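For reference, each letter of the sequence shown is one residue, going 82 to 244 in my numbering. Below is one structure, written out as C-alpha coordinates; the observations come after it.
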Amino acid sequence: MGHVGFSITTGVFLALSFFSWKSENTKAEKPLYFPSATSVTVSSTVAYTSEHENIAKTLTIVAQLWKITDINRDGLYNCIDAAVLFYKYYPDKNKVCIELNINPNTGMNHLFNCVFTDGVWKAIEPQAYYNNRSNYLMWAVWGSKYDSKYNSDVTDKYKIYAR
(Lines of atoms letter the chains of each structure in order from A and count residues from 1; the text may use other names and numbers.)
(Lines give C-alpha, C1' and ligand atoms only; values in the text may rest on other atoms or scores of the structure.)
Protein backbone atom coordinates (compact mmCIF):
# COMPACT_ATOMS: atom_id res chain seq x y z
CA MET A 1 0.00 0.00 0.00
CA GLY A 2 2.93 2.40 0.66
CA HIS A 3 4.20 2.37 -2.96
CA VAL A 4 0.70 2.60 -4.41
CA GLY A 5 -0.23 5.54 -2.17
CA PHE A 6 3.02 7.27 -3.04
CA SER A 7 2.40 6.73 -6.75
CA ILE A 8 -1.14 8.09 -6.55
CA THR A 9 -0.02 11.10 -4.52
CA THR A 10 2.79 11.80 -7.01
CA GLY A 11 0.38 11.50 -9.94
CA VAL A 12 -2.11 13.91 -8.38
CA PHE A 13 0.68 16.37 -7.57
CA LEU A 14 2.01 16.24 -11.14
CA ALA A 15 -1.47 16.76 -12.60
CA LEU A 16 -2.13 19.75 -10.34
CA SER A 17 1.28 21.21 -11.18
CA PHE A 18 0.60 20.88 -14.91
CA PHE A 19 -2.80 22.58 -14.71
CA SER A 20 -1.41 25.33 -12.50
CA TRP A 21 1.46 25.91 -14.95
CA LYS A 22 -0.86 25.94 -17.96
CA SER A 23 -3.23 28.38 -16.25
CA GLU A 24 -0.34 30.68 -15.31
CA ASN A 25 1.02 30.72 -18.87
CA THR A 26 -2.34 31.49 -20.46
CA LYS A 27 -2.74 34.51 -18.16
CA ALA A 28 0.60 36.00 -19.19
CA GLU A 29 0.39 39.40 -20.82
CA LYS A 30 0.57 39.18 -24.58
CA PRO A 31 1.16 42.17 -26.81
CA LEU A 32 -1.91 43.41 -28.64
CA TYR A 33 -0.29 42.65 -31.97
CA PHE A 34 3.22 41.99 -33.11
CA PRO A 35 4.28 44.34 -35.86
CA SER A 36 5.16 43.08 -39.30
CA ALA A 37 7.22 44.84 -41.90
CA THR A 38 4.19 46.54 -43.40
CA SER A 39 2.61 47.68 -40.14
CA VAL A 40 5.38 49.94 -38.85
CA THR A 41 4.53 53.53 -39.63
CA VAL A 42 7.03 56.03 -40.94
CA SER A 43 5.98 59.33 -39.46
CA SER A 44 7.68 62.59 -38.66
CA THR A 45 5.41 63.22 -35.67
CA VAL A 46 7.24 62.57 -32.43
CA ALA A 47 5.97 64.80 -29.65
CA TYR A 48 2.28 64.39 -30.31
CA THR A 49 1.85 60.62 -30.10
CA SER A 50 -0.25 59.27 -27.25
CA GLU A 51 2.75 57.30 -25.96
CA HIS A 52 5.31 60.12 -26.26
CA GLU A 53 5.55 60.64 -22.50
CA ASN A 54 6.19 56.93 -21.85
CA ILE A 55 8.67 56.74 -24.72
CA ALA A 56 10.56 59.83 -23.53
CA LYS A 57 10.73 58.60 -19.92
CA THR A 58 11.95 55.19 -21.03
CA LEU A 59 14.56 56.64 -23.39
CA THR A 60 15.86 58.76 -20.50
CA ILE A 61 16.29 55.64 -18.35
CA VAL A 62 18.04 53.82 -21.21
CA ALA A 63 20.38 56.79 -21.73
CA GLN A 64 21.37 56.64 -18.06
CA LEU A 65 21.84 52.86 -17.87
CA TRP A 66 22.92 51.73 -21.33
CA LYS A 67 26.70 52.07 -21.14
CA ILE A 68 26.87 50.59 -17.63
CA THR A 69 24.46 47.66 -18.08
CA ASP A 70 25.54 44.55 -19.95
CA ILE A 71 22.04 43.10 -19.90
CA ASN A 72 22.89 39.81 -21.64
CA ARG A 73 26.40 39.51 -20.15
CA ASP A 74 28.21 39.24 -23.49
CA GLY A 75 30.89 41.75 -22.49
CA LEU A 76 29.53 44.42 -24.85
CA TYR A 77 27.35 47.51 -24.54
CA ASN A 78 25.39 47.56 -27.76
CA CYS A 79 21.94 47.67 -29.34
CA ILE A 80 20.95 44.43 -27.57
CA ASP A 81 21.41 46.09 -24.19
CA ALA A 82 19.60 49.26 -25.25
CA ALA A 83 16.60 47.45 -26.77
CA VAL A 84 16.19 45.08 -23.82
CA LEU A 85 16.52 47.95 -21.32
CA PHE A 86 13.84 49.88 -23.22
CA TYR A 87 11.57 46.82 -23.17
CA LYS A 88 12.29 46.21 -19.47
CA TYR A 89 11.43 49.75 -18.35
CA TYR A 90 8.59 50.51 -20.75
CA PRO A 91 5.49 50.72 -18.52
CA ASP A 92 3.04 48.82 -20.78
CA LYS A 93 4.32 45.49 -22.11
CA ASN A 94 1.23 45.26 -24.32
CA LYS A 95 2.51 48.25 -26.29
CA VAL A 96 6.19 47.43 -26.74
CA CYS A 97 8.23 44.80 -28.52
CA ILE A 98 11.83 44.12 -29.51
CA GLU A 99 12.57 44.12 -33.24
CA LEU A 100 15.52 43.05 -35.36
CA ASN A 101 16.32 44.65 -38.70
CA ILE A 102 18.82 42.91 -40.94
CA ASN A 103 19.04 44.75 -44.25
CA PRO A 104 21.34 42.93 -46.67
CA ASN A 105 21.37 45.93 -49.03
CA THR A 106 22.74 48.43 -46.49
CA GLY A 107 24.52 46.19 -43.99
CA MET A 108 22.18 47.13 -41.16
CA ASN A 109 21.96 44.54 -38.39
CA HIS A 110 20.26 46.26 -35.48
CA LEU A 111 18.01 45.59 -32.49
CA PHE A 112 15.48 48.28 -31.56
CA ASN A 113 11.92 48.62 -30.24
CA CYS A 114 8.46 49.24 -31.60
CA VAL A 115 5.75 50.97 -29.58
CA PHE A 116 2.03 50.80 -30.32
CA THR A 117 0.73 54.35 -30.35
CA ASP A 118 -2.20 56.08 -32.03
CA GLY A 119 -3.33 52.81 -33.61
CA VAL A 120 -0.02 51.88 -35.26
CA TRP A 121 3.37 50.46 -34.34
CA LYS A 122 6.20 53.00 -34.49
CA ALA A 123 9.85 51.96 -34.70
CA ILE A 124 11.89 53.56 -31.89
CA GLU A 125 15.68 53.84 -31.66
CA PRO A 126 16.41 53.06 -27.98
CA GLN A 127 19.82 54.74 -28.14
CA ALA A 128 18.42 58.05 -29.44
CA TYR A 129 18.61 60.08 -26.21
CA TYR A 130 22.02 58.68 -25.33
CA ASN A 131 23.22 59.96 -28.72
CA ASN A 132 21.53 63.37 -28.17
CA ARG A 133 18.84 62.90 -30.80
CA SER A 134 15.44 64.44 -30.12
CA ASN A 135 13.70 62.50 -32.91
CA TYR A 136 13.77 58.90 -31.72
CA LEU A 137 12.03 57.31 -34.72
CA MET A 138 14.18 54.75 -36.53
CA TRP A 139 13.90 56.35 -39.95
CA ALA A 140 15.01 59.72 -38.53
CA VAL A 141 18.07 58.22 -36.83
CA TRP A 142 19.15 55.77 -39.54
CA GLY A 143 17.84 57.37 -42.73
CA SER A 144 17.96 55.21 -45.85
CA LYS A 145 20.01 52.53 -44.08
CA TYR A 146 16.79 51.52 -42.27
CA ASP A 147 14.05 49.77 -44.24
CA SER A 148 11.11 48.53 -42.19
CA LYS A 149 10.41 45.66 -44.60
CA TYR A 150 13.35 43.86 -42.96
CA ASN A 151 11.90 44.10 -39.42
CA SER A 152 11.22 40.91 -37.49
CA ASP A 153 9.81 40.50 -34.01
CA VAL A 154 12.35 38.92 -31.63
CA THR A 155 10.68 39.83 -28.34
CA ASP A 156 10.38 36.24 -27.14
CA LYS A 157 14.09 35.63 -27.77
CA TYR A 158 15.31 38.72 -25.88
CA LYS A 159 12.73 39.41 -23.17
CA ILE A 160 14.37 36.72 -20.99
CA TYR A 161 17.14 39.27 -20.33
CA ALA A 162 14.66 41.85 -18.98
CA ARG A 163 14.92 40.60 -15.42
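In this text, a Cβ means the ideal position worked out from N, Cα and C, and glycines have one as well. All of these numbers come straight from a predicted model, not from anything done at the bench.
Cβ-based burial, Leu218 [other Cβ within 10 Å; buried from 16]: Walking along the sequence shown from the start, residue 218 turns up at place 137. When all chains shown are included, Leu218 counts as buried.
For Asn246, three-class secondary structure by DSSP: Since the first and last residues shown for the chain are 82 and 244, residue 246 lies out of range.
Selection from Asp228, Asn184 and Asp173 that minimises the alpha carbon distance to Lys138: Taking the sequence shown and counting its residues from 1, one reaches residue 138 at position 57. Ranking the options by Cα distance to Lys138, first place goes to Asp173.
Proximity to Lys209 [Cα-Cα], best of Phe167, Leu181 and Asn182: On the sequence shown, residue 209 is found 128 positions in, with the first residue counted as 1. Checking the sequence, you will find Ala at residue 209 rather than Lys. The shortest C-alpha separation from Ala209 is found at Phe167.
DSSP-derived helix/strand/coil call for Asn175: Here residue 175 corresponds to residue number 94 of the sequence shown, with the count starting at 1. Asn175: helix per DSSP, three-state reduction.
Touch test, the stretch 143 to 151 against the stretch 174 to 184, Cβ-Cβ under 8 Å, three pairs minimum: Contact between the stretch 143 to 151 and the stretch 174 to 184 is not established, with fewer than three Cβ pairs separated by less than 8 Å.
Spatial distance of Asn184 from Ser225 (CA atoms): Translated into positions along the sequence shown, residue 184 becomes position 103. Translated into positions along the sequence shown, residue 225 becomes position 144. Cα to Cα, the separation comes out at about 11 Å.
DSSP-derived helix/strand/coil call for Asn232: Here residue 232 corresponds to residue number 151 of the sequence shown, with the count starting at 1. Here Asn232 sits in strand by DSSP.
Sequence-distant residues of the same chain with beta carbon closer than 7 Å to Ala109, five excluded per side: As a position in the sequence shown, residue 109 is number 28, starting the count at 1. Note on Ala109: pLDDT 35, under 50, position unreliable in the model; no value is reported.
Beta-carbon gap between Ile161 and Tyr231 smaller than 9 Å: Residue 161 sits at position 80 when you count from the first residue of the sequence shown. Residue 231 sits at position 150 when you count from the first residue of the sequence shown. No; because the gap between Cβ atoms is not below 9 Å, this pair is not in contact.
Trp220 CB to nearest heavy atom of the ligand GTP below 8 Å: Absence of the ligand GTP is noted for the structure shown, with no ligands found whatsoever.
Helix, strand or coil at Ala204 [DSSP, three-state]: Here residue 204 is taken as the residue at index 123 of the sequence shown, counted from 1. If DSSP states are grouped into helix, strand and coil, Ala204 belongs with the strands.
Beta-carbon proximity list for Ala163, same chain, < 7 Å, skipping 5 on both sides: Residue numbering aside, residue 163 sits at position 82 when the sequence shown is read from its first letter. Closer than 7 Å at the Cβ level, and outside the excluded window around Ala163, lie Val143, Trp147, Pro207 and Gln208.
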